[in-house]
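Asks: After the structure tokens below, expect a handful of questions from me.
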Amino acid sequence: MLERDFSQALARLPAGASTIADFSYHIELAIERAWVMASLECHDKAIRSGHLLMALLTTMELRRALFAISSLFEKISLEHLNKEFGYIIRDSAEQSDLSGGAVVTEDAGVPGEASHALSHPQNGGGLNQYSTDLTALAREGKLDPVLGRDKEINTMVDILLRRRQNNPLLTGEAGVGKTAVVEGLALAIAAGEVPPSLQKVRLLTLDIVALSAGASMKGEFEARLKSVLEEAANAAYRAGTGDAANLMKPMLARGQLRTIGATTWSEFKRHIEKDPALTRRFQVLQVDEPSEDLATAMIRGLIPVLEKHHNVWIMDEAVMAAVRLSHRYIPARQLPDKAISLLDTACARVAVAQYAPPTELQILNFRRQSAQAELTELEKAIGFGKADNKQRGPVQDVIASHTQEAEILDRQWAKECRLVADIIETRQQLQAATREKTDTASLQNHLNELDAALSELRGEQPLVQAEVNAAVIASIVANWTGIPVGQVLKDDVSAVMELPQRLSERVIGQDYALTCLSQNIQTARAGLADPQKPHGVFMLVGPSGVGKTETALAIASQLYGGEQNLITINMSEYQEAHTVSSLKGSPPGYVGYGEGGVLTEAVRRKPYSVILLDEVEKAHPDVHELFFQVFDKGTMEDGEGRHIDFRNTIILLTSNTGSEIISMACADQETMPDEEGLLKILNPALLKVFPAAFLGRVTVIPYLPLTPSSLQYIVRVHLNRIAQRAKSNYDINLNFSDELVQHIVEQCPVAETGARMLIRFIEKNILPKLGVTVMNMAANPDEASELITLYVSLSQEKVIEISAIK
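Using full-length UniProt numbering, read the sequence shown as starting at 1 and increasing by one per residue.
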């Protein structure tokens, strides 16, 4: 009843305020009278709720306000309350709090500080309120198994057993498993796999968010942390109102409080390393990202937990694909976290697909509904005389087509769901029979029949998966990154073996260069080259427009999942010595520190990529020296001290140095030297620009001037691309005469610009005329309805003509 009256009274109060509210005079008066009553009459050191109630009842002005809230207060006898006050509060929660849980000290009433009544918990102490007991969770089986971190756990045990400075600090990038290492220690403690001095230890995780939640008053957060530390260390240490680090330093120094910290390397350098007194109280333990093999072993330990949670079967190929694909295509996160997230998402998708309609069916239903809405609006327009009745037919045909396709797909999805349910049930029966060591032959045969029926039903486009396999993992990676599924699933071995052929399809007339590149890359991918170096460091030297940049694009597309994994650095922007910092990041104390470098950040986000250093001869010599460590050891230290891994990259440097020498040497096909002879001729010119130490770390590959036949082939390639766009966008066939191709090559001097002049000629002289023709056709669709082909040729007067063939 009293609670109802209070709720109704609060509901009657006005909501919102147009001005800043202040404490009511009644509140100040009630607290003042309650304080007088508690200190003078009852000789207490704290104001209790009973004191506040007595103050409200004894003050006439406050008494009327209290009676207005609820008439129940009128039944309270003030004389009886005052006489029996000690007896009434004897067993209250406030009495137990004041007597045991939170000791009120003499300085509790210092103005501006938070009271202990707000800071201390009412039940169970600060540790129970603001922390979680990991050892208790481990004994209850609520922690996931931790594999592959025995080295870190053993090192942490060694640190914890010290007499002083027994505080390990785990540092590592987010997602490498710092929390898992701590949970692994909790599991070891619960299993008794630690020294006797640690077997009865409780491992508690402090919830900083809960500790700071609601701590708006000055000193409240410090008071809460102080209570937790005092309870954990069982010490009488009194802290001031400093920050958390200063509160912890004395206990950490004396070894009273064994603390395990976890932070990222950047946060450690920003907040902890700057405080030497705090740093020396911790022993830093670096937690590195595991290798692919180790991450795979870690995740295999989680398979039973994931299978039980999602009620699916996870194939081992899915685990390996999750690690491999996440490591390559999700570089912004770390193993094993990103692989676990990927596998968990795949399990959820497989489980949901057994009950929710597939994406293909949802798309068909959406298109059908969209067409139905279009038909509804068209019916209105026809009724108002604003549309022709003939327009109704095509829309109705679209609706009928989508409806028929959706019905077929829905029936197939239902059949697959039934088969998948039978497969899952049979697998469970087979597992039970295996555990009970009974005959499993009949169940295995039945399972094989169900698998065969499912494969026959769904073909190559399954709507429901009976298990989590590599194809499901690849589809999720494709959704997350935008890379096509086929590119994600491409076999590395076949991609490397097909590299010479794929490169020659895109780069014309550079057989020696492409062969040399392919052989070196194949050697590195076979694991025979130095694993501490990049997969290749090549300097492509030759005239402009002969295919050096196109080579980089082709390699990125063939080996690294697409041209989006090409990192291009224009070295002409680094002609000054101080620009080195923009590549690797500014050092501490300089402008831009913490923002990362252009090159290091790009490689950190995409460790599997092709790096193109364009026009490298224009960079300052100090910039050249920056790459010595990268070429030799496959690593670079950025401005923040992080080691950036270049070992999974291919580095291509392009230069026009010696272009004149190459052009003169190749002017006569009969006297042109071979590639080895050409490199000897080039070497003096290269040494004038690059130091010998730089050239000794790269593989120089000359690119030759393009021959007339190569130029004609390049023109044909670009004209075919235009024809494909015309066919795709307008359903128009484009044919180009051989005379036109020959004319384009003759009109373009390629000595200085290479094939780029050919492309500019096409864009300037052919595309505008084609554009006008196509736009005229689009404006008059009835006249162009019978058009089949546009023929682009050269007249006798050497004028480009476009004729239509119907």
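Just so you know, even glycine gets a beta-carbon here, dropped at the ideal spot from N, CA and C.
1. Roughly how many angstroms separate the alpha carbons of P691 and S212, rounded to a whole number?
2. Between G262 and S504, what straight-line distance do the alpha-carbon atoms span, to the nearest angstrom?
3. Does H271 pass the burial test, meaning 16 or more other C-beta atoms within 10 Å, or should it be called exposed?
4. Grab me the residues of T549's own chain with a C-beta within less than 8 angstroms of its C-beta, minus the 5 sequence neighbours each way, in chain order.
5. From the DSSP output, in three-state form, read off N776 for me.
6. Look at the alpha carbon of N729 and the alpha carbon of R300, and state the distance between them as a whole number of angstroms.
7. In chain order, what residues of the same chain lie with their CB nearer than 7 angstroms to the CB of I69, ignoring the 5 residues before and after it?
8. Hey, is the stretch 156-172 in contact with the stretch 286-293, meaning 3+ C-beta pairs nearer than 8 angstroms?
9. On the DSSP bridge list, what partners appear for V284?
10. Could you spell out the range, first to last residue, of the alpha helix (DSSP H) harbouring S793?
11. For the candidate residues N479, G177 and K680, whose alpha-carbon lies nearest to that of T264?
12. Sort out for me which residues DSSP pairs F736 with in a bridge.
13. Residue range of the alpha helix (DSSP H) that E183 falls in?
14. DSSP three-state call for H620: helix, strand or coil?
15. Report yes if the CB atom of Y590 is closer than 8 angstroms to the CB atom of H620, and no otherwise.
16. So, at 7 angstroms on beta carbons, what are the nonlocal neighbours of R604 in its own chain, with the 5 sequence-adjacent residues on each side left out?
17. Roughly how many angstroms separate the alpha carbons of G596 and Q199, rounded to a whole number?
18. Using the DSSP secondary-structure output, state which residues sit across from D614 in a beta bridge.
19. Taking DSSP as the reference, what is the three-state secondary structure of E801?
20. What separation, rounded to the nearest whole angstrom, lies between the Cα atoms of K798 and P705?
21. Enumerate in chain order the residues of its own chain whose CB-to-CB distance from S99 is below 7 angstroms, with the five nearest sequence positions on each side excluded.
22. Taking the beta strand (DSSP E) that L134 belongs to, which residues open and close that run?
23. Would you call the stretch 528-548 and the stretch 505-513 touching, i.e. three or more CB-CB distances under 8 angstroms?
24. Leaving out the 5 sequence neighbours to the left and right, which residues in its chain are closer than 8 angstroms to I47 when beta-carbon positions are compared?
25. List in chain order: all unbroken beta strand (DSSP E) runs of 3+ residues lying wholly within the UniProt domain "AAA+ ATPase" (534-677).
26. Taking DSSP as the reference, what is the three-state secondary structure of I260?
27. Counting Cβ pairs, one atom from each stretch, are 3 or more of them under 8 angstroms apart for the stretch 631-641 and the stretch 514-533?
28. DSSP state of T58, grouped into three classes?
29. Taking the straight line between their C-alpha atoms, what separation do you get for D133 and L335?
30. Specify the secondary structure class of I314 as computed by DSSP and reduced to three states.
31. For P702, which three-state DSSP category applies?
32. Taking its Cβ as the centre, do 16 or more other Cβ atoms sit within 10 Å of A778, making it buried, or is it exposed?
33. For a test of the three-state rule: what should DSSP assign to T345, helix, strand or coil?
34. With respect to the beta strand (DSSP E) encompassing T205, which residues constitute its N-terminal and C-terminal limits?
35. In or out: Q412 buried (at least 16 other Cβ within 10 Å) or exposed?
36. Could you check where the alpha helix (DSSP H) with I412 kicks off and where it finishes?
Replies: According to the structure shown:
1. Here residue 691 refers to the residue found at position 691 when the sequence shown is read from its first residue. Here residue 212 refers to the residue found at position 212 when the sequence shown is read from its first residue. For P691 and S212, the distance between alpha carbons rounds to 58 angstroms.
2. In the sequence shown, the residue the question calls residue 262 occupies position 262. In the sequence shown, the residue the question calls residue 504 occupies position 504. As written in the sequence, residue 262 is Ala, which differs from the Gly given in the question. One C-alpha to the other measures close to 51 angstroms.
3. The sequence position of residue 271 within the sequence shown is 271, counting from 1. With fewer than 16 other Cβ atoms inside 10 Å of its own Cβ, H271 counts as exposed.
4. Mapped onto the sequence shown, residue 549 falls at position 549. Excluding residues within five positions, the ones whose Cβ falls inside 8 angstroms are L612, D614 and T654.
5. For the purposes of this step, residue 776 is taken as the residue at position 776 of the sequence shown. Three-state DSSP puts N776 in a helix.
6. As a first step, residue 729 must be located in the sequence shown, where it is residue number 729. As a first step, residue 300 must be located in the sequence shown, where it is residue number 300. Their backbone Cα atoms lie some 49 angstroms apart in a straight line.
7. For the purposes of this step, residue 69 is taken as the residue at position 69 of the sequence shown. Around I69: D5, F6 and A9.
8. The way I'd put it, the stretch 156-172 does touch the stretch 286-293; three or more beta-carbon pairs between them come closer than 8 angstroms.
9. Here residue 284 corresponds to residue number 284 of the sequence shown, with the count starting at 1. Residue pairing by DSSP puts V284 in a beta bridge opposite L169.
10. Numbered from its first residue, the sequence shown carries residue 793 at position 793. Unbroken run through S793 is the beta strand (DSSP E), T789 to L794; no alpha helix (DSSP H).
11. Position 264 of the sequence shown, counted from the start, is the residue given in the question as residue 264. Minimum Cα distance to T264 is reached at G177.
12. Your numbering for residue 736 matches position 736 in the sequence shown. Beta-bridge analysis with DSSP links F736 to V792.
13. For the purposes of this step, residue 183 is taken as residue 183 along the sequence shown, with counting starting at 1. Its alpha helix (DSSP H) spans residues K178 to A191.
14. The residue labelled residue 620 in the question sits at position 620 within the sequence shown. Reduced to three states, the DSSP call for H620 is coil.
15. Along the sequence shown, one-based indexing puts residue 590 at 590. Along the sequence shown, one-based indexing puts residue 620 at 620. No; because the gap between Cβ atoms is not below 8 angstroms, this pair is not in contact.
16. As a position in the sequence shown, residue 604 is number 604, starting the count at 1. Within the same chain, Cβ atoms closer than 7 angstroms to the Cβ of R604 are found at I644, the five residues on either side in sequence being excluded.
17. Along the sequence shown, read from residue 1 onward, the residue named residue 596 stands at position 596. Along the sequence shown, read from residue 1 onward, the residue named residue 199 stands at position 199. Rounded to whole angstroms, G596 to Q199 spans 44 angstroms at the Cα level.
18. In the sequence shown, the residue the question calls residue 614 occupies position 614. Per DSSP, N570.
19. The sequence position of residue 801 within the sequence shown is 801, counting from 1. Strand at E801.
20. If you number the sequence shown from 1, residue 798 lands on position 798. If you number the sequence shown from 1, residue 705 lands on position 705. Straight across, the Cα-Cα distance linking K798 with P705 is about 27 angstroms.
21. Mapped onto the sequence shown, residue 99 falls at position 99. Any reading at S99 needs caution, since the residue's pLDDT is 49, under 50, leaving its predicted position unreliable; the model's value is listed next. Close CB contacts of S99 within its chain, under the 7 angstroms cut and outside five residues either way in sequence, are absent.
22. Along the sequence shown, read from residue 1 onward, the residue named residue 134 stands at position 134. The continuous stretches of beta strand (DSSP E) do not include L134, which lies in the alpha helix (DSSP H) extending over residues L134 to R139.
23. Because the criterion of three Cβ pairs below 8 angstroms is met, the stretch 528-548 and the stretch 505-513 touch.
24. Start at 1 with the first residue of the sequence shown, and residue 47 comes out as number 47. The answer, listed in chain order, is I31, A34, W35 and A38.
25. The qualifying runs are 536-541, 566-570, 610-614, 635-637, 643-645 and 650-655.
26. Counted from its first residue, the sequence shown places residue 260 at position 260. Look at I260 here: in three-state DSSP terms it is coil, with no helix or strand label.
27. Verdict: yes, contact present.
28. For this step, residue 58 is matched to residue 58 along the sequence shown. T58 falls in the helix class under three-state DSSP.
29. As a first step, residue 133 is located in the sequence shown; it is residue number 133 there, counting from the start. As a first step, residue 335 is located in the sequence shown; it is residue number 335 there, counting from the start. If you take the alpha carbons of D133 and L335, they lie about 26 angstroms apart.
30. On the sequence shown, residue 314 is found 314 positions in, with the first residue counted as 1. Strand at I314.
31. One-based indexing of the sequence shown puts residue 702 at position 702. Taken through DSSP and simplified to helix, strand or coil, P702 comes out as strand.
32. Within the sequence shown, residue 778 is the residue found at index 778, counting from 1. A778 comes out exposed.
33. Position 345 of the sequence shown, counted from the first residue, corresponds to residue 345. In this structure, T345 counts as helix in the three-state DSSP scheme.
34. Walking along the sequence shown from the start, residue 205 turns up at place 205. In the DSSP annotation of this structure, the continuous segment of the beta strand (DSSP E) that includes T205 starts and ends at L204 to L206.
35. Sequence index remark: in the sequence shown, residue 412 carries index 412 (1-based). Buried: at least 16 other Cβ atoms inside 10 Å.
36. Position 412 of the sequence shown holds residue 412. Residue identity check: residue 412 is Gln in the sequence provided, not Ile. Counting along the chain, the alpha helix (DSSP H) containing Q412 begins and ends at R392 to R435.
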